[in-house]
Ligand SMILES: Nc1nc2c(ncn2[C@@H]2O[C@H](COP(=O)(O)OP(=O)(O)OP(=O)(O)O)[C@@H](O)[C@H]2O)c(=O)[nH]1
Ligand SMILES: [Mg+2]
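Below is the structure:
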C-alpha cells in the first residue's frame with residue numbers, strides 16, 4: 001500500500017486524556033470512562049491521566065476553553081506525555097491548534113479507533129479496510145480545510161497561495177488512492193461472494209456472532225468450534241471475520257462467523273469500509289447477538305449494536321436475519337442476579353435468549369439448541385413431488401436447498417424432502433408454479 005499519509009504512532013507513548021462533555025445529558029458515565037481507558041491501553045500507551053471535562057462554552061478554534069487547556073497543558077507536561085487524547089470529535093483546525101498549544105500529538109475518538117484498527121488488521125482485507133477508513137477520514141478533513149481556505153481567498157484574484165495548490169494535490173492523491181483501494185476491496189468482495197455462493201449451494205446454514213467489542217464473541221467462537229482465535233480483554237481484538245465449521249446436534253454441519261465488534265460512536269468511515277465484512281454477517285441465516293451481561297453498560301451497548309445493524313439493513317437493503325441473544329459472562333454474576341436473568345431470558349420472544357459463559361462452557365448445549373431453533377425458523381422443510389420432466393426444478397432444488405431425501409415412487413414420480421430458506425421457497429413457487437409443494441412434518 002506504499003507510503004502512509006497518516007503518521008502511525010510510534011508506540012509506546014505516554015498519553016493524557018480528557019472526555020469533553022457539554023450538557024448534563026452527555027456527562028460520561030464510569031463505563032464510558034473505562035471504555036476510553038481501555039481504548040488508549042489497547043494502543044499500547046501508558047495512561048497518565050484521564051478525566052471528563054465539562055465544556056461550558058465551545059471555543060470553535062480549539063474546542064476547549066483557556067482554563068481547561070492550561071490545566072491540560074500543565075498535566076501533560078508534568079507526566080511527560082507525548083500524546084493527548086480528546087475523546088470527542090475535533091475538526092482539523094481544532095486538532096492543529098491544540099497540537100500547537102499543547103506541544104504534543106493530539107488525536108480524537110475516531111483517530112484513536114482508527115489507530116487501534118491499524119494495529120489489529122492482519123489479513124489483506126482487514127488492512128485494506130482500515131486503510132480505506134483512514135483515507136476517507138483524512139479526506140473529509142482535507143476538504144473542509146480546503147473549502148475553508150478557498151473561502152478565505154475570496155475575490156483575491158491571483159492570490160492563490162502555494163498552500164492551496166498543495167492541498168489540491170493532496171486531495172487528488174487521496175482520491176486516487178481511495179479509488180484504487182475501493183477497486184481492490186471490490187475484488188475481495190467478489191471473491192467473498194463466490195465463496196458465499198459456494199456455501200449456499202451446499203445448503204449449509206451460516207450463523208454469525210455479532211456484538212459489542214469485548215462481549216466475548218471470539219471466546220465463544222473458540223469454544224463452539226474448537227478454534228483458536230485471538231481473544232483478549234481489549235477492544236477490537238478481532239478485526240477480520242473468521243469462519244469455521246460448527247457441528248449442530250441435529251442439523252449437522254453449519255458455518256460459524258466471528259466478526260468485528262461494535263462500539264458506541266463507531267466512526268462512520270469505519271462502518272462504510274467494514275461493510276464488506278459486516279455484509280457477510282447480514283447474509284447469515286441467523287445472528288447470535290453476544291452480550292456481556294456482567295457489564296453495567298450492557299443495555300446501552302446492546303442498543304448501540306441494534307442501531308448499527310438497523311443502519312446496515314437500510315444501507316445494504318438486505319433484511320436482517322433472525323436473531324437470538326447469547327447472554328455471556330454469567331460466571332461473573334452473583335447467583336441471585338443470574339437467577340433473575342434466567343427468568344427474563346425465558347420470556348424473551350423477539351430475540352430468544354440463552355445464558356452462557358464462554359469461559360466455563362456453561363450453557364453451550366442450550367445455546368446450540370437455540371441456534372438450531374433459530375435456524376429452523378428461517379428455513380422450512382418441504383415435500384415436493386417431481387415428474388420425470390421436472391429436471392430443471394430438481395436441479396434448482398439441489399442448487400438452492402438442502403435435499404434431505406429423494407425417493408422414487410411407483411408412478412415414476414419422485415418425492416423429495418428439501419430444506420429451503422423462506423425466501424427461496426417463494427422463488428421456487430414463482431419459478432415453478434405448477435409444481436406442488438407442501439410442508440414436511
Ligand atoms: N469471565 C468471563 N470472561 C469472558 C467470557 N467470555 C469472554 N470473556 C473475556 O472477555 C474478554 C473479551 O473476550 P473476546 O472473546 O476477545 O471478546 P470479543 O467480543 O471477541 O471482542 P472484540 O473482538 O474486541 O470485538 C476476554 O478477556 C475474555 O477472556 C465469559 O463468559 N466469562
Ligand atoms: Mg473478537
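Numbering (UniProt numbering), first residue to last: 1 to 441.
We put the CB at the ideal spot given by N, CA and C, even for glycine.
Close Cβ partners of residue i (< 8 Å) along its chain, the five nearest in sequence each way excluded
{"i": "residue 245", "result": "225, 253, 254, 255 and 256"}
{"i": "residue 271", "result": "278, 308, 311 and 312"}
{"i": "residue 413", "result": "385, 386, 387 and 388"}
{"i": "residue 182", "result": "132"}
{"i": "residue 274", "result": "129, 133 and 260"}
{"i": "residue 366", "result": "354, 355 and 356"}
Whole-number beta carbon distance between residue j and residue i, since they are thought to touch under 8 Å
{"i": "residue 72", "j": "residue 14", "result": "Between residue 14 and residue 72 the Cβ distance is about 14 Å, and since that is not below 8 Å, they are no contact."}
{"i": "residue 282", "j": "residue 312", "result": "6 Å"}
{"i": "residue 83", "j": "residue 105", "result": "5 Å"}
{"i": "residue 382", "j": "residue 439", "result": "6 Å"}
{"i": "residue 39", "j": "residue 113", "result": "7 Å"}
{"i": "residue 292", "j": "residue 340", "result": "Actually they are not in contact, since the Cβ atoms of residue 292 and residue 340 sit about 17 Å apart, beyond 8 Å."}
Inter-residue spacing [alpha-carbon to alpha-carbon] between residue i and residue j
{"i": "residue 28", "j": "residue 433", "result": "59 Å"}
{"i": "residue 184", "j": "residue 128", "result": "8 Å"}
{"i": "residue 45", "j": "residue 37", "result": "10 Å"}
{"i": "residue 411", "j": "residue 390", "result": "14 Å"}
{"i": "residue 140", "j": "residue 167", "result": "13 Å"}
{"i": "residue 242", "j": "residue 66", "result": "48 Å"}
{"i": "residue 16", "j": "residue 96", "result": "17 Å"}
{"i": "residue 455", "j": "residue 363", "result": "Because the chain is modelled from 1 through 441, residue 455 falls outside the range shown and cannot be assessed."}
{"i": "residue 88", "j": "residue 33", "result": "12 Å"}
{"i": "residue 379", "j": "residue 428", "result": "14 Å"}
{"i": "residue 161", "j": "residue 93", "result": "Summary for residue 161: the model assigns pLDDT 48, below 50, so the residue's position carries little reliability, and this model does not support an answer."}
{"i": "residue 178", "j": "residue 407", "result": "55 Å"}
{"i": "residue 348", "j": "residue 332", "result": "22 Å"}
{"i": "residue 103", "j": "residue 350", "result": "53 Å"}
Where residue i sits in the DSSP three-state scheme
{"i": "residue 309", "result": "helix"}
{"i": "residue 218", "result": "helix"}
{"i": "residue 183", "result": "helix"}
{"i": "residue 93", "result": "helix"}
{"i": "residue 439", "result": "strand"}
{"i": "residue 410", "result": "coil"}
{"i": "residue 279", "result": "helix"}
{"i": "residue 175", "result": "helix"}
{"i": "residue 274", "result": "coil"}
{"i": "residue 428", "result": "helix"}
{"i": "residue 228", "result": "coil"}
{"i": "residue 361", "result": "coil"}
{"i": "residue 123", "result": "coil"}
{"i": "residue 58", "result": "coil"}
{"i": "residue 82", "result": "coil"}
{"i": "residue 63", "result": "strand"}
{"i": "residue 318", "result": "coil"}
{"i": "residue 106", "result": "strand"}
Own chain partners of residue i with C-beta closer than 7 Å, once the 5 adjacent residues on each side are dropped
{"i": "residue 409", "result": "415"}
{"i": "residue 248", "result": "254, 368, 371 and 372"}
{"i": "residue 345", "result": "327, 353, 354 and 355"}
{"i": "residue 403", "result": "397, 416 and 418"}
{"i": "residue 151", "result": "With a pLDDT of only 43 at residue 151, under 50, the local geometry of the prediction cannot be trusted, and the value read off the model is given with reservation. There are no such residues."}
{"i": "residue 296", "result": "31"}
{"i": "residue 401", "result": "203, 418, 419, 420 and 424"}
Contact set for residue i: own chain, Cβ-Cβ below 6 Å, skip 5 residues either direction
{"i": "residue 68", "result": "53"}
{"i": "residue 377", "result": "322"}
{"i": "residue 287", "result": "208, 210, 321 and 323"}
{"i": "residue 217", "result": "209, 211, 258 and 290"}
{"i": "residue 98", "result": "62 and 106"}
{"i": "residue 205", "result": "254, 285 and 375"}
{"i": "residue 338", "result": "330"}
Limits of the beta strand (DSSP E) - the one that residue i falls within
{"i": "residue 18", "result": "14-21"}
{"i": "residue 329", "result": "From DSSP, residue 329 is part of no beta strand (DSSP E); its letter is neither H nor E."}
{"i": "residue 52", "result": "46-54"}
{"i": "residue 255", "result": "252-258"}
{"i": "residue 69", "result": "Counting along the chain, residue 69 falls outside any beta strand (DSSP E), though it belongs to the alpha helix (DSSP H) covering 66-78."}
{"i": "residue 355", "result": "353-355"}
{"i": "residue 386", "result": "379-386"}
{"i": "residue 399", "result": "Unbroken run through residue 399 is the alpha helix (DSSP H), 391-400; no beta strand (DSSP E)."}
{"i": "residue 244", "result": "242-248"}
{"i": "residue 211", "result": "206-211"}
{"i": "residue 288", "result": "286-292"}
Boundaries (first-last residue) of the alpha helix (DSSP H) holding residue i
{"i": "residue 414", "result": "That residue, residue 414, is in no alpha helix (DSSP H); its beta strand (DSSP E) goes 414-421."}
{"i": "residue 35", "result": "30-42"}
{"i": "residue 110", "result": "109-120"}
{"i": "residue 337", "result": "335-346"}
Beta carbon proximity, residue i to chain C, threshold 8 Å
{"i": "residue 29", "result": "The displayed structure is made up of one protein chain only, and chain C is not part of it."}
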